[in-house]
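Novice: Chains as they are written, first to last, in the UniProt record's numbering: chain G, 1 to 145; chain D, 1 to 145. Dropping a structure here in structure tokens format, bear with me for questions.
Number of protein chains: 2
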Amino acid sequence: MLKENFNHYSLILDQTARRVKQYAQASFSLNEIDLTVDQWAVLKTLYENTDLTQKELADKCGKDQPTLTRIVDLIIKKDYIKRIEHPSDRRCLHLQLTEAGLKKVEDLAPTVSKFREKAWENLTKEDFEHFTRILNKIYQNLEQK
Amino acid sequence: MLKENFNHYSLILDQTARRVKQYAQASFSLNEIDLTVDQWAVLKTLYENTDLTQKELADKCGKDQPTLTRIVDLIIKKDYIKRIEHPSDRRCLHLQLTEAGLKKVEDLAPTVSKFREKAWENLTKEDFEHFTRILNKIYQNLEQK
DNA sequence: CATAATTAGTTGACAACCAAATTATTACAA
DNA sequence: TTGTAATAATTTGGTTGTCAACTAATTATG
Numbered sequence: 001m002l003k004e005n006f007n008h009y010s011l012i013l014d015q016t017a018r019r020v021k022q023y024a025q026a027s028f029s030l031n032e033i034d035l036t037v038d039q040w041a042v043l044k045t046l047y048e049n050t051d052l053t054q055k056e057l058a059d060k061c062g063k064d065q066p067t068l069t070r071i072v073d074l075i076i077k078k079d080y081i082k083r084i085e086h087p088s089d090r091r092c093l094h095l096q097l098t099e100a101g102l103k104k105v106e107d108l109a110p111t112v113s114k115f116r117e118k119a120w121e122n123l124t125k126e127d128f129e130h131f132t133r134i135l136n137k138i139y140q141n142l143e144q145k
Numbered sequence: 001m002l003k004e005n006f007n008h009y010s011l012i013l014d015q016t017a018r019r020v021k022q023y024a025q026a027s028f029s030l031n032e033i034d035l036t037v038d039q040w041a042v043l044k045t046l047y048e049n050t051d052l053t054q055k056e057l058a059d060k061c062g063k064d065q066p067t068l069t070r071i072v073d074l075i076i077k078k079d080y081i082k083r084i085e086h087p088s089d090r091r092c093l094h095l096q097l098t099e100a101g102l103k104k105v106e107d108l109a110p111t112v113s114k115f116r117e118k119a120w121e122n123l124t125k126e127d128f129e130h131f132t133r134i135l136n137k138i139y140q141n142l143e144q145k
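Written out as structure tokens, the structure reads:
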């Protein structure tokens, strides 16, 4: 295995990830969805997990706390979520979907799944297994203890 | 194949790409390299291809023109490259490494290859083939004509 | 030859990323 | 109990990505 290739692999990974995100964002815009892809990921995660703190949410979404703080700020402006105090730890904030946020997620989930499909056309069941296994391996290789 | 999974795959792709970049950037910092990962990619590409226009360079690096313009601006501030006029087309600009830039690339190349390796530990030759094939397929699925 | 369409590069606005520093609160230890 | 360390969230600064709009130069067309 030539070392030169590693740079190349990094590039492929980077570009593909950007393309997938870009395509999703374009689909959002076409459907006049007033969210960014990352905002959607956060909303979806909150839909699937109630009463997360920001730290927990950040971990689940794979984002930094500062990044998450800003994304949350933006979604709050759109009135889809709200911060509420943690009952026993005043450092923490629980996040909850508002009525509008709940409705938003339920309305959009099928649509979003639909145009997420395109990226994965012409891939077999085995491909998905390879994909998941290899990317997880890479991720773990770089895990900081 | 459940549609729900597609969101998950997108997330894995995104997070892995970010981790790889993040690890590389951390290694740069540890070694007190005064470049970002993207700036390095641009320098390296210019080392391997002389007299590229910004458009050609953007294509080779897989970046937009606006993004590239800004990265180039930053590298120029560090005196590693310079813009020179295109001999026959006054819309274009050729980019060239300066003496310092040339030295920089030659000094750093082995070091950078070294810590790029870590991400790809424990992967087989077949894994690399799958990786390349699958990611290229995804990229092509989303190619805008 | 004049006008329209295309191309290369830049800029502005906004979102997201990371690192480092800051604040407030809680947990732990001398 | 007091002080120190750890934790949750935020803020700040710098870089990158995307989109849209713009300028200047070149090519195509009528």
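Where a beta carbon is used, it is the ideal one built from N, C-alpha and C, also for glycine. None of these values were measured; they are calculated from a predicted model.
Whole angstroms is fine: what's the gap from glutamate 126/D's alpha carbon to threonine 132/D's?
Specialist: Each residue's alpha carbon lies about 10 angstroms from the other.
Novice: Could you check what DSSP says for lysine 114/G in three-state terms: helix, strand or coil?
Specialist: Three-state DSSP puts lysine 114/G in a helix.
Novice: Who does isoleucine 84/G pair with in a DSSP beta bridge?
Specialist: In the DSSP output, where bridge partners are listed per residue, isoleucine 84/G has His94/G.
Novice: Is it true that the stretch 70-84 of chain D meets the stretch 96-114 of chain D, where meeting means three or more beta-carbon pairs spaced less than 8 angstroms apart?
Specialist: The answer is yes - the stretch 96-114 of chain D touches the stretch 70-84 of chain D, with three or more Cβ pairs under 8 angstroms.
Novice: With DSSP as the reference, label leucine 142/G as helix, strand or coil.
Specialist: In the structure shown, leucine 142/G sits in coil (DSSP, three-state: anything other than H, G, I, E or B).
Novice: Between the C-alpha atoms of phenylalanine 28/D and lysine 82/D, what's the straight-line distance to the nearest angstrom?
Specialist: Roughly 23 angstroms separates the two Cα atoms.
Novice: From what residue to what residue does the alpha helix (DSSP H) around tryptophan 40/G run?
Specialist: Tryptophan 40/G -> alpha helix (DSSP H) spans 37-48.
Novice: DSSP beta-bridge partners for threonine 53/G?
Specialist: Answer by DSSP bridge pairing, in chain order: His94/G.
Novice: Measuring straight from C-alpha to C-alpha, what distance separates tyrosine 139/G and isoleucine 12/D?
Specialist: Computed Cα separation, rounded: 9 angstroms.
Novice: Got a sec: which bits of the stretch 31-49 of chain G sit with their beta carbon under 8 angstroms from any beta carbon on chain D, in order along the chain?
Specialist: Correct list: Ala41, Lys44.
Novice: DSSP state of glutamate 121/G, grouped into three classes?
Specialist: Residue state, collapsed to three classes: coil.
Novice: Just to check, is the beta-carbon of alanine 41/D closer than 7 angstroms to a non-hydrogen atom of the ligand GDP?
Specialist: The ligand GDP is not part of this structure, which contains no ligands at all.
Novice: Verify the CB distance criterion: does glycine 62/D have a CB-CB separation below 8 angstroms to chain G?
Specialist: Chain G, which has a Cβ nearer than 8 angstroms to the Cβ of glycine 62/D, makes this yes.
Novice: Do leucine 142/G and alanine 58/D count as a contact pair if the criterion is CB distance below 8 angstroms?
Specialist: Not closer than 8 angstroms, so no.
Novice: If you run the structure through DSSP and keep just helix, strand and coil, what is isoleucine 33/D?
Specialist: Coil.
Novice: Which of the three DSSP states is assigned to glycine 101/G in this structure?
Specialist: It is helical.
Novice: Taking only beta-carbon atoms, is lysine 104/D less than 8 angstroms away from chain G?
Specialist: So, not an interface residue.
Novice: Which residues in chain G sit within 8 angstroms of lysine 21/D, going by Cβ to Cβ distance?
Specialist: Those are Ser10, Asp14, listed as they occur along chain G.
Novice: So glutamate 116/G packs on serine 10/D, CB below 8 angstroms; how close in whole Å?
Specialist: It is arginine, not glutamate, that sits at residue 116/G in the sequence shown. Confirmed, about 6 angstroms.
Novice: Confirm, please, whether the CB-CB distance from leucine 97/G to isoleucine 33/G is below 8 angstroms.
Specialist: The answer is no: Cβ separation not under 8 angstroms.
Novice: In whole angstroms, give me the CA-to-CA distance for asparagine 31/D and leucine 52/D.
Specialist: Each residue's alpha carbon lies about 29 angstroms from the other.
Novice: In whole angstroms, what separates the C-alpha of tryptophan 40/D from that of leucine 35/G?
Specialist: C-alpha separation (whole angstroms): 33 angstroms.
Novice: Distance check for glutamate 48/D and aspartate 38/G, CA to CA, integer angstroms please.
Specialist: The alpha-carbon atoms of aspartate 38/G and glutamate 48/D are separated by roughly 36 angstroms.
Novice: Count the other C-beta atoms from every protein chain shown that fall within 10 angstroms of the C-beta of threonine 124/D, then say buried if there are 16 or more, exposed otherwise.
Specialist: Label assigned to threonine 124/D: exposed.
Novice: From Leu95/D, Arg70/D, Glu85/D, Lys44/D, pick the residue whose C-alpha is nearest to that of serine 113/D; which is it?
Specialist: It is Lys44/D whose Cα lies nearest to the Cα of serine 113/D.
Novice: Give a yes or no on whether the minimum CB-CB distance between isoleucine 75/G and chain D is below 8 angstroms.
Specialist: So, not an interface residue.
Novice: How would you label isoleucine 134/D, buried or exposed, when you count the other beta carbons within 10 angstroms and need 16 or more for buried?
Specialist: With 16 or more Cβ atoms within 10 Å of its Cβ, isoleucine 134/D is classed as buried.
Novice: Helix, strand or coil for aspartate 89/D per DSSP?
Specialist: DSSP places aspartate 89/D in coil when its eight states are reduced to three.
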